[in-house]
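A short worksheet on the structure shown next.
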Amino acid sequence: MPHEVRGVVARSKGAEVSMETIVVPDPGPGEALVDVQSCGVCHTDLHYREGGINDEFPFLLGHEAAGVVEAVGEGVTDVAPGDFVILNWRAVCGQCRACLRGRPWYCFATHNAAQKMTLTDGTELSPALGIGAFADKTLVHAGQCTKVNPAASPAAAGLLGCGVMAGLGAAINTGAVTRGDSVAVIGCGGVGDAAIAGARLAGAAKIIAVDLDDRKLEWARGFGATDTVNSRETDPVAAIRELTGGNGADVVVEAIGRPETYEQAFYARDLAGTVVLVGVPTPDMKIELPLLEVFGRGGALKSSWYGDCLPSRDFPMLVDLYLQGRLDLDGFVSETIGLDDVEEAFGKMRRGEVLRSVVNL
8 MPHEVRGVVA RSKGAEVSME TIVVPDPGPG EALVDVQSCG VCHTDLHYRE GGINDEFPFL
68 LGHEAAGVVE AVGEGVTDVA PGDFVILNWR AVCGQCRACL RGRPWYCFAT HNAAQKMTLT
128 DGTELSPALG IGAFADKTLV HAGQCTKVNP AASPAAAGLL GCGVMAGLGA AINTGAVTRG
188 DSVAVIGCGG VGDAAIAGAR LAGAAKIIAV DLDDRKLEWA RGFGATDTVN SRETDPVAAI
248 RELTGGNGAD VVVEAIGRPE TYEQAFYARD LAGTVVLVGV PTPDMKIELP LLEVFGRGGA
308 LKSSWYGDCL PSRDFPMLVD LYLQGRLDLD GFVSETIGLD DVEEAFGKMR RGEVLRSVVN
368 L
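The numbering of the sequence shown is my numbering, which starts it at 8 and goes up by one.
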């Protein structure tokens, strides 16, 4: 029978979120019901609330989550009740042209639950990124559940579900950072700091953090930055070049998503270097670069979708590194809060006071 639970809903563009009673169906074929334990407050949730993703209100917010599978529907074999899982928003189909070519991290037909969660009056909810985890329970496609070691803290592990995986993957998967590389990261919020942590895991020799905020630069050092540049005070392109022997960095990760910072990333890389865009731009943004410079500098200009991750491969590995003490996921958790505190957490995020507020349920 359906479950009535608490959930955080954005009813209209720009309106403060509200706590509502959510009706969650029992899982159907290919679906899983998850008892949510923790969920990070991500910028994407704020984008949904502001109408920056689409206008399919009302939204059930929250997507960066970990929890325990409570029940599964017909045909589900990869997870079972009692499994500790991280939720992901790219459950690969296995059948599209990307999957069939052995590139499932690019899957073009990812799965979500077929059934809808609703308000008590029957209004259908749009779950953020197909997850909707600012709720005591949520319904997802079983492929959105990735089983990991239950020894991990739910508050830390859940962050792999979005922002931390996006940043780590931008460095390791998309940027292919390797031993001895020089890396620059522009924008040191949660995603940027995760890229720094990923570069350190990969063995980068020099990791340059760039931001306007000295507090964020100090956080970046904690995740592995060897050098910091306050771009409010110093030209970041000149500073990155100076710190890399005049050459520029082998890999530059742009974790903001703005034309001006992307241009900085383009000019701050070495010849044949790589630029990785993981910051999310708005639809109106445009960039103009001299085509001769694009040709003459060689290398690669890449976009990173979800850190080009494959959850079934990457989440268990990264949780193991966390449990070994080699990846400080706890360092991304600035505070733990309740469901009632999500709106306040959005304000702290906007003011740059936290890397991540995490809702514990």
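Quick reminder that beta carbons are idealized off the backbone N, C-alpha and C, glycines included. Since the model is a prediction, treat every value here as computed from it, not as a measurement.
What first and last residue would you give for the beta strand (DSSP E) that runs through residue i?
i      : result
GLN271 : Taken as a continuous stretch (DSSP letters only), GLN271 belongs to no beta strand (DSSP E), being part of the alpha helix (DSSP H) at 266 to 275.
ASP42  : 38 to 47
ALA189 : Per the sequence presented here, residue 189 reads as Ser, with Ala not at that position. Here the beta strand (DSSP E) through SER189 covers 189 to 193.
VAL285 : No beta strand (DSSP E) contains VAL285, which DSSP labels as neither H nor E.
VAL31  : 25 to 31
SER238 : Careful: SER238 lies outside any beta strand (DSSP E) and carries neither H nor E.
ASN367 : 364 to 367
Can you give me the Cβ contacts of residue i inside the same chain, cut-off strictly under 7 Å, excluding the 5 residues immediately before and after it?
i      : result
VAL76  : ALA39, VAL41, VAL86, ALA87, PRO88, GLY89, ASP90, VAL92 and CYS152
PRO266 : MET292, LYS293 and ILE294
CYS100 : CYS106, CYS114, ALA116, THR117 and HIS118
GLY305 : LEU278 and ALA279
THR185 : ALA209 and GLY210
CYS103 : CYS114, PHE115 and ALA116
ALA221 : One detail in the question is off: residue 221 reads as Asp in this sequence, not Ala. Counting only Cβ-Cβ distances below 7 Å, and skipping sequence neighbours, we find ASN237.
How about residue i and residue j: are their beta carbons less than 8 Å apart?
i      : j      : result
ALA173 : ALA201 : yes
LEU167 : PHE273 : no
LEU330 : SER311 : no
ALA142 : GLY69  : yes
ALA256 : ASP277 : yes
VAL366 : SER341 : no
VAL260 : GLY182 : yes
ASP315 : TRP112 : yes
ALA227 : ARG248 : no
GLY165 : GLY47  : yes
ALA159 : VAL282 : no
LEU368 : VAL43  : yes
VAL147 : LEU94  : yes
GLY109 : GLY80  : no
Between the Cα of residue i and the Cα atoms of the options, which residue gives the shortest distance?
i      : options                           : result
LEU136 : ILE344, ARG320 and TYR313         : TYR313
GLY199 : ALA216, GLY59, ARG207 and ASP188  : ALA216
ASP33  : LEU325, THR145, ARG228 and GLU350 : THR145
MET324 : LEU208, PRO290, GLU57 and GLY306  : LEU208
HIS10  : LEU299, THR343, GLY109 and LYS123 : LYS123
VAL83  : LEU296, GLY150 and PHE339         : GLY150
ALA121 : PRO134, ILE60 and SER364          : PRO134
ALA73  : GLU81, ALA163, ILE263 and MET8    : ALA163
LEU219 : THR281, THR343, THR185 and ILE263 : ILE263
LEU298 : LEU308, ALA352 and THR289         : LEU308
GLY359 : LEU224, HIS148 and GLY80          : LEU224
ILE138 : THR343, ALA98 and GLU240          : ALA98
ALA232 : LYS355, ILE193, ALA159 and ARG239 : ILE193
GLY58  : GLU300, ARG104, GLU23 and PHE302  : GLU23
SER45  : ILE344, GLU350, ARG357 and GLY354 : ILE344
ALA78  : ALA140, ASP128 and MET8           : MET8
GLU351 : PHE302, LEU53 and ASP221          : LEU53
SER19  : GLU63, VAL147, VAL301 and GLY129  : GLU63
GLU270 : GLU300, LEU346, LYS213 and ARG110 : GLU300
PRO290 : GLY21, VAL12, ARG56 and ASN61     : ASN61
LEU346 : CYS195, SER364 and ALA191         : SER364
VAL258 : ILE214, ARG239 and GLU240         : ILE214
ASN156 : LEU328, ARG56 and ASP348          : LEU328
I'd like the list of long-range same chain contacts for residue i, defined as Cβ closer than 8 Å, with 5 residues on each side in sequence excluded.
i      : result
LEU126 : VAL16, GLU27, THR28, ILE29, VAL30, PRO65 and LEU132
PHE230 : ASP200, ALA201, ILE203, ALA204, ARG207, ASP335 and GLY338
THR268 : ILE193, GLY194, GLU261 and GLY286
How would you write the range of the alpha helix (DSSP H) that residue i sits in, first residue to last?
i      : result
ARG357 : 349 to 357
LYS223 : 221 to 230
ILE294 : Segment: none, ILE294 is in no alpha helix (DSSP H) and carries neither H nor E.
ALA216 : Run containing ALA216: none in the alpha helix (DSSP H); it sits in the beta strand (DSSP E), 213 to 218.
ARG18  : Where ARG18 is concerned, there is no enclosing alpha helix (DSSP H), given that its DSSP letter is neither H nor E.
ILE263 : First-last for ILE263: undefined, no H or E at that position.
GLU342 : Counting along the chain, GLU342 falls outside any alpha helix (DSSP H), though it belongs to the beta strand (DSSP E) covering 342 to 344.
VAL244 : 243 to 250
Excluding the five sequence neighbours on either side, which residues of its own chain have a C-beta within less than 6 Å of the C-beta of residue i, listed in chain order?
i      : result
GLY205 : LEU175, ALA178 and ILE179
VAL236 : VAL217, PRO243 and ALA246
CYS49  : GLU71, CYS169 and GLY170
ARG251 : According to the sequence shown, residue 251 is Thr rather than Arg. Here the set comprises SER189.
PRO288 : GLY264
PHE353 : LEU53
SER25  : VAL16
List in chain order: all unbroken alpha helix (DSSP H) runs of 4+ residues lying wholly within the segment 138 to 208. 161 to 164 and 170 to 176
Extract the residue ranges of the alpha helix (DSSP H) inside the segment 41 to 115, only unbroken runs of 4 or more that lie entirely within it. 50 to 56 and 104 to 107
Ordered list of alpha helix (DSSP H) runs contained in the segment 300 to 340, each at least 4 residues: 318 to 330
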